[in-house]
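Chemist: Sharing a structure, written as C-alpha cells. Questions coming.
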Amino acid sequence: MADAVQQDSPLSIAADIAGILTFVVAILAAVYAHLVYLKDSDQEYFRVKTSLSWFKTESAWLGELVKAAGQRPVAEYQPEHQMYTFVMEDLVKLEQRLLELVEEIESKAGTEDELRKGIRWTLVPKNWGFITAVAVAWLPVRAKALELVRQRDALTARVSFTQMSMISS
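And the structure:
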C-alpha cells in the first residue's frame, strides 16, 4: 500500500488543462481590450479637445446674449437673467478646468515623447504606431475630463431652458 501512487484521472487532467487555457484566454482578452482602448483613446482625446473649442465659441455667443439681455432696464432684477449669469460663470469655470486638463495631457505627452526617443520598448514595441504619448497621458484623466464634458452639456441644457423662459417673458 505504501508503494501505491495516486494518479489523476483523465477527466481531472482535462479539467486542469481547460482551466489553464481559460486563464490564458482571459489574459489575452484583457491585453487585447487594453490595446484597443489605447488605440481609441487618442481619438477620444481629440474629440474632447474639439468640443472644448466649440464650448469656447458657444460661451462667447452666450456672453453676447447676456450683454444684450442686460441692456434692458429691468433685466438685472429678473430671476431668469440672474440664473443665466450664474450658469455662465459655471460654464466658464468648467471650461477652464477642462482646458487645464488638456494642457496637462499635452505637457505629459511632450515629456514622454522626449523620454521615448532612445527607447524601443515600453509595454509594447514602439513601432506599433497606434499607441501615442497622448493616448497614454489621456488614460489617468479620462474619467475626470469626460465628467467635466457631461457637466458642461448639462449646463448647456440649463442655458437653453433659461433662454426659452427669457424669450417667453
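Each residue of the sequence shown is one higher than the one before, counting from 1 in the numbering used here. No residue lacks a Cβ here, since even glycine has one placed at the ideal position from N, Cα and C. The model shown is predicted, which means the values in this text are computed figures rather than measured ones.
Beta-carbon within less than 8 Å of Leu52's beta-carbon, same chain only, minus the 5 sequence neighbours each way: which residues are those?
Modeler: Residue mapping note: residue 52 aligns to position 52 of the sequence shown, counting from 1. If we look at Leu52 and ignore the five residues flanking it on each side, its Cβ neighbours are Glu95, Leu98, Leu99, Val102.
Chemist: Find the nearest neighbour of Val141 within the set Phe86, Arg158, Val48, judged by alpha-carbon distance.
Modeler: For the purposes of this step, residue 141 is identified with residue 141 of the sequence shown, where counting begins at 1. Closest by alpha carbon: Val48.
Chemist: By how many angstroms is the C-alpha of Ser165 removed from the C-alpha of Ala135?
Modeler: For this step, residue 135 is matched to residue 135 along the sequence shown. For this step, residue 165 is matched to residue 165 along the sequence shown. Their backbone Cα atoms lie some 42 Å apart in a straight line.
Chemist: Could you check if Phe161 is buried or exposed, using at least 16 other CB atoms within 10 Å of its CB as the buried criterion?
Modeler: On the sequence shown, residue 161 is found 161 positions in, with the first residue counted as 1. With fewer than 16 other Cβ atoms within 10 Å, it is exposed.
Chemist: Could you give the C-beta distance for Lys108 and Ala154, rounded to a whole number, given that I count them as a contact under 8 Å?
Modeler: The count along the sequence shown starts at 1 and reaches residue 108 at position 108. The count along the sequence shown starts at 1 and reaches residue 154 at position 154. Contact doesn't hold; Cβ gap of about 28 Å is too wide.
Chemist: Would you kindly work out how many angstroms separate the C-alpha atoms of Gln7 and Ala18, rounded to a whole number?
Modeler: Working through the sequence shown from its first residue, we reach residue 7 at position 7. Working through the sequence shown from its first residue, we reach residue 18 at position 18. Near 18 Å, if we compare the C-alpha coordinates of Ala18 and Gln7.
Chemist: Would DSSP call Asp42 helix, strand or coil?
Modeler: As a position in the sequence shown, residue 42 is number 42, starting the count at 1. Here Asp42 sits in helix by DSSP.
Chemist: For Asp8, does the three-state DSSP call read helix, strand or coil?
Modeler: The residue labelled residue 8 in the question sits at position 8 within the sequence shown. DSSP places Asp8 in coil when its eight states are reduced to three.
Chemist: Based on Cα-Cα distance, which residue from Val159, Ala145, Leu11 lies nearest to Glu89?
Modeler: Within the sequence shown, numbered from 1, the residue matching residue 89 stands at position 89. Checking every option, the nearest Cα to that of Glu89 belongs to Val159.
Chemist: Apart from the five residues on each side of it in sequence, which residues of its chain come closer than 6 Å, Cβ to Cβ, to Ala60?
Modeler: In the sequence shown, residue 60 corresponds to position 60, counting from 1. Excluding positions up to five away in sequence, the list is empty.
Chemist: So, is Leu21 buried or exposed, given that buried needs 16 or more other C-beta atoms within 10 angstroms?
Modeler: On the sequence shown, residue 21 is found 21 positions in, with the first residue counted as 1. Exposed, by the Cβ-count rule.
Chemist: Where Tyr84 and Leu62 are concerned, what is the direct C-alpha to C-alpha distance, given to the nearest angstrom?
Modeler: Taking the first residue of the sequence shown as 1, we reach residue 84 at position 84. Taking the first residue of the sequence shown as 1, we reach residue 62 at position 62. Whole-angstrom Cα-Cα distance: 9 Å.
Chemist: For Leu139 and Ser41, what's the separation of their Cα atoms in angstroms?
Modeler: Working through the sequence shown from its first residue, we reach residue 139 at position 139. Working through the sequence shown from its first residue, we reach residue 41 at position 41. Roughly 7 Å between the two C-alpha positions.
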